[in-house]
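Taking it in order: structure first as structure tokens, then the write-up.
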Amino acid sequence: AQSVTQLDSHVSVSEGTPVLLRCNYSSSYSPSLFWYVQHPNKGLQLLLKYTSAATLVKGINGFEAEFKKSETSFHLTKPSAHMSDAAEYFCVVSDLTGANNLFFGTGTRLTVIP
Amino acid sequence: DTEVTQTPKHLVMGMTNKKSLKCEQHMGHRAMYWYKQKAKKPPELMFVYSYEKLSINESVPSRFSPECPNSSLLNLHLHALQPEDSALYLCASSQRTGTETYEQYFGPGTRLTVT
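Taken in sequence, the protein lines are chains D and S. Residue numbering for the first sequence follows our numbering, beginning at 79 and increasing consecutively. Residue numbering for the second sequence follows our numbering, beginning at 14 and increasing consecutively.
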């Protein structure tokens, strides 16, 4: 069975400082993993995805994530936070049994302090 | 163009009303999804359509009735809803379903309030 655990429900950083949002996954086989972002009252936007190619994945808006099989982690990072990064972030694992179901983490709310 | 559109943006309905939510994509995707999202929670899958056929119904009450008239359009018909059905309803699409991973593209959602 697939699942993800987002280790922090809320992260607060100052503008210009690094961002780290943590995610651990559980999967019966080699997983496909995603990070989505949701700004208030908006839909979800795909930031990046990992599908067993390079373990360091670069996404949009300067975000990247590293797949670490030994640690079953897929943490999201950004070197320098912008005010516009304030949003809810979801780590997601995909079902590979054929249905393409997504299993969402509970989300991390990122606050950026000016 | 990776856009999924949803109408209306907001909907307020009484418990005896019948209304419909609409979702459209023109990316040539053959899989479409409905999700329900309560405040401060992740989205929950409701239905999956694959090649215009319903492939997954996640034990959703019959007061929610999905319809996929063609490969670009997905509707969600609502009837006799309860106040606890108030939520953000998200539509998504992907190239297809299958044993490969296809990312899902989400629409902006319809904010539904049941009074």
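All C-beta atoms in this analysis are idealised placements derived from N, C-alpha and C, irrespective of residue type, glycine included.
D:Glu142 sits in a strand when the DSSP states are folded into three classes. Shown here, S:Glu37 sits in a strand according to DSSP, grouped into three states. C-alpha of D:Thr155 to C-alpha of S:Thr126: approximately 36 angstroms in a straight line.
Residues of the stretch 94-116 of chain D with a Cβ closer than 8 angstroms to any Cβ of chain S, in chain order: Ser110, Phe112, Tyr114. For S:Leu91, the closest C-alpha among the options S:Ser99, S:Ser78, S:Tyr46, S:Glu57 is that of S:Ser78.
In this structure, DSSP gives D:Ser104 an extended state, which the three-state scheme calls strand. Among the residues of chain S, those whose CB is under 7 angstroms from the CB of D:Lys127 are Glu116, following chain order.
At a cut-off of 8 angstroms between C-beta atoms, D:Ser172 counts as an interface residue with respect to chain S. Your pair S:Lys49 and S:Glu57 checks out as a contact, with CB atoms roughly 5 angstroms apart and the cut at 8 angstroms. For the pair D:Leu125 and D:Lys136, the CB atoms are not nearer than the 8 angstroms cut-off. Residue-level contact by beta carbon fails for D:Lys147 and chain S, as no gap is shorter than 8 angstroms. Not a single CB atom of chain S sits nearer than 8 angstroms to the CB of D:Asn139. The C-beta of D:Lys136 comes no closer than 8 angstroms to any C-beta of chain S. For the pair D:Leu98 and D:His153, the CB atoms are nearer than the 8 angstroms cut-off.
At a cut-off of 8 angstroms between beta carbons, D:Phe152 makes no contact with chain S.
In the three-state reduction of the DSSP assignment, S:Met28 falls in the coil class.
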